[in-house]
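K.L.:
Per this note's numbering, the very first residue in the sequence shown carries number 1029; after that it's consecutive. Backbone N, C-alpha and C define an ideal beta-carbon position, used for all residues, glycine too. Mind looking over this structure? Questions follow.
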Amino acid sequence: MATVSALAISAPSFAQDAGLQTVAEPQRQYDIDIGLGAVMQPRYAASDSYILTPFPIINVGRFFVPGLGQVADGRKRQGVFFFPSFGFVGERSASDDRDLTGTRDVDWALELGLGAGYRTENWRVFGELRQGINGHTGQVGQLGFDAIFYPTDRIEFSAGPRAGFAFGDYMDTYFGVTAAEAAASGGRLAQYDPDSGFTSLGLSARASYDLTDRARFHLQGGYDRLIGDAADSPIAKVGDENQFFIGAGVSYRFSFDLFR
């Protein structure tokens, strides 16, 4: 299964209060939207088959770090912001697809990291980097730019390009083919040792609708084209270099203080 990014949905999102509250609430140190959705995405990286899977929604609006202060503030319309970044890659098995015949099974992986960017009222630019745990121990991330629109006071729409990159064990795990795997594939896969670098270029779009002052509905879709050593992988050659996804979900905003 391909990566499911909890922020995503992967790009940072900043909720607009949209005048839905009749009485202004005091600002809390943390505003975090937590929810659940479902996404249709490739079964694994470079797969030509798709699977519907659940994914978590975690959007950080405000985030406080002792000693640094308010490092993220979604109520500000301009400035530098920081955010935690999460990802999850499901297990991959040779039994998932005949294209994987001969490859070793790969356990699930959790990815934890940080992101940073700069935003104004109508655009944002950001980058994020995550460290893999369990299924792979490499580093993975992306760079992105979004144009932001507000068609109504309850709707926020953003869209823009993405560039994905990966290093070390991530590339070996999901795009590499060892000599033993090549032999076990019966000649379908050639031995391949990929290098680190950019793995994809694509587009992502997202629409969020305020159901109430705290509950939001999210719809997101995107397209990635594998490039570089990821596209040259024998796994991509027998699969698909074009990767699509579409997902939807609902989140609820929790506001609280920890350091007062």
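Return the residue from the list W1151, F1173, A1187 that minimises the CA-CA distance to R1105.
P.N.:
W1151
K.L.:
Is there a Cβ from chain B that is less than 8 Å from the Cβ of T1201?
P.N.:
Note that chain B does not occur in the displayed structure, where there is just one protein chain.
K.L.:
Where does the unbroken alpha helix (DSSP H) through V1266 begin, and where does it stop?
P.N.:
Counting along the chain, the unbroken alpha helix (DSSP H) around V1266 starts and ends at 1262-1266.
K.L.:
Kindly indicate which residue of R1071, I1060, A1066 has the alpha-carbon position closest to the one of G1267.
P.N.:
R1071
K.L.:
Suppose the cutoff is 8 Å on Cβ atoms and the five residues either side in sequence are ignored; what does the same chain contact list for P1094 look like?
P.N.:
F1287
K.L.:
Is R1126 helix, strand or coil when you go by DSSP?
P.N.:
helix
K.L.:
If Y1146 sits next to V1108, beta carbons under 8 Å apart, how far is it from one beta carbon to the other, in whole angstroms?
P.N.:
Between Y1146 and V1108, the beta carbon gap of about 5 Å places them in contact (Cβ cut-off 8 Å).
K.L.:
What are the start and end residues of the beta strand (DSSP E) that includes D1076?
P.N.:
Neither: D1076 is in no beta strand (DSSP E) and is coded neither H nor E.
K.L.:
For F1111, which of R1120, G1141, D1135 has the nearest alpha-carbon?
P.N.:
With distances taken between Cα atoms, F1111 lies closest to G1141.
K.L.:
Using only CA atoms, which one of Q1057, F1226, F1114 lies nearest to E1139?
P.N.:
Measuring C-alpha to C-alpha distances from E1139 to each of Q1057, F1226, F1114 identifies F1114 as the nearest.
K.L.:
What do you get for P1222, buried or exposed, if any count of 16 or more other CB atoms within 10 angstroms of its CB means buried?
P.N.:
buried
K.L.:
Can you give me the C-alpha to C-alpha distance between A1074 and A1264, rounded to a whole angstrom?
P.N.:
5 Å
K.L.:
In this structure, does DSSP put F1100 in helix, strand or coil?
P.N.:
According to the sequence displayed, residue 1100 carries Ala and not Phe. Secondary structure at A1100: strand, using DSSP grouped into helix, strand and coil.
K.L.:
What does G1141 pair with, by DSSP beta-bridge criteria?
P.N.:
S1113, R1158
K.L.:
Could you tell me the alpha carbon to alpha carbon distance between F1273 and A1212, rounded to whole angstroms?
P.N.:
31 Å
K.L.:
As an exercise, report each continuous alpha helix (DSSP H) stretch of at least 4 residues that is fully enclosed by the segment 1151-1224, in chain order.
P.N.:
1197-1203, 1207-1212
K.L.:
Using the Cα positions of F1185 and Y1237, report the straight-line distance between them to the nearest angstrom.
P.N.:
9 Å
K.L.:
Please report the straight-line C-alpha distance between L1064 and H1164, rounded to a whole angstrom.
P.N.:
25 Å
K.L.:
Around the C-beta of L1128, are 16 or more other C-beta atoms found within 10 angstroms, so that it is buried, or is it exposed?
P.N.:
buried
K.L.:
Ordered along the chain, which non-local residues of its own chain (more than five positions away) have a Cβ less than 6 Å from that of A1243?
P.N.:
Y1280, listed in sequence order.
K.L.:
For G1063, which of helix, strand or coil comes out of DSSP?
P.N.:
If DSSP states are grouped into helix, strand and coil, G1063 belongs with the strands.
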